[in-house]
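Inspection log for the structure reproduced underneath, given as structure tokens.
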Amino acid sequence: MAANKKKTMNQKHDRRTFLKGAATCAAAGSALIASGCNNRPLPGGDDEMSVRWKEYFKKNYQLMTPEEKEATIRRLEQLSKLDYDVDASIARTEPRGKVLFGYAFNITRCEGFMDCVQACVEENNLDRKSKTQYVRVFEMENGQMDISTGNGKYFHEVPKEDHFYMGIQCFHCEQAPCIKACPTKATWMEPDGIVVVDYDWCIGCRYCMAACPYWGRRFNWHDPEVPKEEMNKKQHYLGNRMRKKGQMEKCTFCIQRTRNGKLPACAEACPTGARVFGNLLDPDSEIRFVLKNKKVFRMKEELGTDPKFWYFID
Amino acid sequence: MLKTLKNELVPFVKDALKWNFSGSRGYQIYLCILFALMVVGFYAYTIQLTEGLAATGMSNIVSWGLYISNFTFLVGVAAAAVMLILPAYIFKDKDLHKVVIIGEGVAVGALVMCLLFILADLGGIIKAWHLAPAIGLFNWPASILAWDVLVLNGYLALNVLVPAYILFCHYNGREPVAKRYRPFVFLSIFWAVAIHMVTAFLYEGLPARPFWNNPLLGPRFLASAFAAGPALIMVVLIVIHRKTVFKIDSQIFNKLRIIIVVAGTVNLLMLFSEIFKEFYSPTHHSLSAVYLFFGLEGHNALVPWIWTSITLNLTAIVILGFNPGKNNPKILMPVCVTLFFAIWIEKGMGLIVPGLIPSPLGEITNYSPSWVEIGVTIGILALGTFVVTMLIKPALFIEQRFEELHGESA
Amino acid sequence: MNVFKKVIPVLLVWGGMLLAFSGCEGVSGHQDVMELIKAADKPVESMKPTEALPSAPLVIVKEPYQGGPFYTQSRKSEIGRFQCSSCHTGKDVTINQAKEAAHGDIKLFHGAVDDPNACDTCHNLSDRDYLGTDSIAKIDFDHSYQLCGTCHFRQKKDWVGGAHGKRVQNWAGQRVVQNCTGCHNPHSPRFSKRWPATFSLPDSVLPDQEDEG
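Chains as they are written, first to last, in the numbering used here: chain A, 1 to 314; chain B, 1001 to 1410; chain C, 2001 to 2213.
What follows is the structure, encoded as structure tokens:
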């Protein structure tokens, strides 16, 4: 009898301890969540909580109506002021008909100056802390074409003798493996050929990153940091607006520029004119001239990705 | 009907909880340790939530690490329950039929851990609802990850509901209605194969990663799963045999041993095939294998691990094959633990990390998990062990009681 | 009957998978880029860029281009001392140290190492306001490409077509390209060696993260 009583006592004690522990955890957990939220007023009269709430529940950009797109942009501009103290203007420029963007890279002309890399970092508000770069330049020894034999971390006077330089970035493949891989359709190809990411829809599983054969995609392992005075305020929803931790990002062919007729920042910055950009559907364009008259090749073409980025030699 | 259900369900749950939280001093200490480890994991995860995944050791090159390694390995363990169900239901093996419920308990625990590892690895966990078919956008059938979400959850449902039904019936002293659950048991056999093939396809379907992009990956996953999973089940059964009144017949140990040896041998054969392919005529695509087995450009963190794994694997299979102890649990236990550990290395970090090194542009880096990653992993493993305990302990009570009342169960 | 029951779930799973996978993109018809390009052989009206070009004087290029007339930047407005004939009146220049003062910054490094260009390879000695030589017609400074192209005819063909050189600011709308001297110093056209603008650390997440090994 006494043994039974002792056993029941142990059971009760054990249950009690367990419940106490669980309650503490729950309290701690909710305190943690609550402490992360402030409720500051925003320009335009709304309060922070309702704006963030609406942002959290918004749809994938592909499913939004124009009004919803306008609304989310207004909210993001408000949050930009709050989070970064920057008056960003976020556009949602639509793709034009009869436009398919293509890119060509002249490996005879590239001297490895990396002006393109730096211009991209500044144009697209890339994280300075982790030195995120969409564009990479590889120093290749003469006689080899496989980029895996090259050196992407060089830092010395260029061009180095007996070497040539190859730039690489997202190729905006027509048969992009990243689009197929994404479980939530957070990345897709726009009608004008740009492969975009809806940053707020991305859940950060990084499957697309594993799927890309060209190392074209970057992940925000922490909240990106861009100095306020260097931040590019002319932004696009699918382009260079500020991202948060846990979101994928990539080269967007400078969608905020190219949909307005401007060259992407990398093409504009190149001092040697090694980069050609244009509309593949315009037979009179420079990119079509290159494809027609130059010996071109695409990287890892055998993988069936059908990239819209060609390399050529003078 | 509903009233009787309520009348029966409430005492069932109450009793299950009672059985779970009472026991010997040793058992209670064991539970406390598990709780402590879960708290460690929870704390580590809060750090990851506030800092972002920068708190882990992952980078843009090694973008998947300890979490996904454990997920990959544990899907195999979960699928291995089928290695008990298949002989029990199709070959009508009476011995293994008795321990099917334990296998399913292990499967559920492993599956819960898989889902938690995926969630822990997500950069935006609070946005996970974006995956849900109706309220989010579900990229099915194109994305293999979408397939994986479906098959894993389906398998979890199968492995929870079918044993729950059987146990519930046994608890109330009646036989479960065979035609209600047997179709689902047969479905779960094929579903088990499916979950592991689909998980293998996650990696197999990526031409960007030549280390993974080979047709042998799916079958290799199955072979290693059917060696590691039953090894774990063997360990669990030995613990049950020693620590509880539920005795396991040595015939069961023998049959499990044979399953492990066959699957383990096939696994080693496939390993040999992979090694041949990579090293007989090395290409640029072989660099990942070179990194794993020999190191690349001074980066050789995984080299000691993989060679240890292969050695332990071979040794364990040989010992199990020759069976020097004649199914003596004193020998079976450490050998199975060793085999489990060896396959955990080769299928976890030994598969995921080399697949990502070198990067598609040939860049090499080292990866080592941070303390946050290790903390969260330990927490999830503890939680999985806890789940398995919670499922098996009442199951044992119920089965024992049912057997005493009705003789051998069907 | 018993066997049938076992077979049904198998069939369901297999059939389902077959159906589902048949919906995958690999099977459906998707035109590849080269086919899209071949099909796009009609001229397309270029979109109008939203931002105007920087206001520099432009001249129309006197070369036929597939997309119609295109422009390049005027050069004469960039040269500080144009008109050259203000000093070079036809007689010798007698101002003390005029050569160093006016043209001391010019390093001439153009042409073959053992047979380099001289000033008069490109500059018209009879009329200093123009380029060219007496044997080639007078070439306006704004249309220097005509001169460069006499030797560098491949690059000129590429420059006209778009494979060489650079557009100014826009890919769309009115085509304005850099003229030769916009990128190349005509006296020393080869790009000099320099340090890159930045460097890459592809595996860094935080700056203090060490590369192990």
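Even glycine gets a Cβ: it sits at the ideal position worked out from N, Cα and C.
Beta carbon proximity, residue i to chain C, threshold 8 angstroms
i                      : result
residue 153 (chain A)  : yes
residue 1231 (chain B) : no
residue 300 (chain A)  : no
residue 1054 (chain B) : yes
residue 1050 (chain B) : no
residue 1399 (chain B) : no
residue 59 (chain A)   : no
residue 118 (chain A)  : yes
residue 130 (chain A)  : yes
residue 1060 (chain B) : yes
residue 141 (chain A)  : no
residue 276 (chain A)  : yes
Neighbourhood of residue i by C-beta, 7 angstroms cutoff - its chain only, sequence neighbours within 5 removed
i                      : result
residue 223 (chain A)  : 244, 245
residue 2140 (chain C) : 2130
residue 1017 (chain B) : none
residue 150 (chain A)  : 138, 139, 140, 166
residue 48 (chain A)   : 38, 39, 40, 42, 82
residue 1342 (chain B) : 1309, 1312, 1313, 1316
Beta-carbon contacts of residue i that lie in its chain and below 6 angstroms, excluding the five residues immediately before and after
i                      : result
residue 170 (chain A)  : 216, 250, 251
residue 1192 (chain B) : 1079, 1082
residue 1286 (chain B) : 1278
residue 1130 (chain B) : 1136
residue 2159 (chain C) : 2165
residue 2180 (chain C) : 2144, 2145, 2148
residue 2209 (chain C) : Reliability fails at residue 2209 (chain C), whose pLDDT of 49 lies under 50, so the model's placement of it is uncertain and no value is given.
residue 76 (chain A)   : 90
residue 314 (chain A)  : 108
residue 1256 (chain B) : 1230, 1234
residue 1387 (chain B) : 1109, 1112
Host alpha helix (DSSP H) of residue i (start-end)
i                      : result
residue 1109 (chain B) : 1094-1121
residue 1382 (chain B) : 1371-1406
residue 1154 (chain B) : 1144-1171
residue 1273 (chain B) : 1250-1280
DSSP beta-bridge partners of residue i
i                      : result
residue 187 (chain A)  : A:197
residue 310 (chain A)  : A:104
residue 41 (chain A)   : A:47
residue 2139 (chain C) : C:2131
residue 151 (chain A)  : A:139
residue 279 (chain A)  : A:101
First and last residue of the uninterrupted beta strand (DSSP E) at residue i
i                      : result
residue 141 (chain A)  : 136-141
residue 296 (chain A)  : 295-297
residue 1070 (chain B) : Segment 1066-1079 is the alpha helix (DSSP H) holding residue 1070 (chain B); no beta strand (DSSP E) there.
residue 2071 (chain C) : 2071-2073
residue 217 (chain A)  : 217-219
Cβ neighbours of residue i in the same chain (closer than 8 angstroms, five flanking residues each side left out)
i                      : result
residue 71 (chain A)   : 54
residue 2054 (chain C) : 2168, 2169
residue 1247 (chain B) : 1241
residue 1119 (chain B) : 1125, 1128
residue 278 (chain A)  : 101, 102, 285, 286, 287, 288
residue 2074 (chain C) : 2056, 2057, 2058, 2059, 2142
Test: residue i CB closer than 8 angstroms to a CB of chain A
i                      : result
residue 2187 (chain C) : no
residue 2180 (chain C) : no
residue 2072 (chain C) : no
residue 1019 (chain B) : no
residue 1064 (chain B) : yes
residue 1143 (chain B) : yes
residue 2067 (chain C) : yes
residue 1376 (chain B) : no
Interface flag, residue i vs chain B, CB-CB below 8 angstroms
i                      : result
residue 2202 (chain C) : yes
residue 2176 (chain C) : no
residue 2010 (chain C) : yes
- Item | Interface positions of the stretch 1189-1222 of chain B facing chain A (Cβ-Cβ less than 9 angstroms), listed along the chain | The residues in question are 1202, 1203, 1205, 1206, 1207, 1208, 1209, 1212.
- Compile a chain-ordered list of the residues in the stretch 2043-2062 of chain C whose CB is closer than 9 angstroms to at least one CB of chain A. Residues 2043, 2044, 2045, 2046, 2047, 2048, 2049, 2050, 2051.
- Message: Taking beta-carbon pairs under 7 angstroms, can you tell me which members of the stretch 1360-1373 of chain B lie near chain A?
- Response: 1360, 1361, 1362, 1363: these are the residues of the stretch 1360-1373 of chain B whose beta carbon lies less than 7 angstroms from some beta carbon of chain A, given in chain order.
- Looking at chain A, which residues of the stretch 1142-1169 of chain B have a Cβ within less than 8 angstroms of any of its Cβ atoms? With the criterion set as a beta carbon lying under 8 angstroms from some beta carbon of chain A, the members of the stretch 1142-1169 of chain B are 1142, 1143, 1144, 1145, 1146, 1149, in sequence order.
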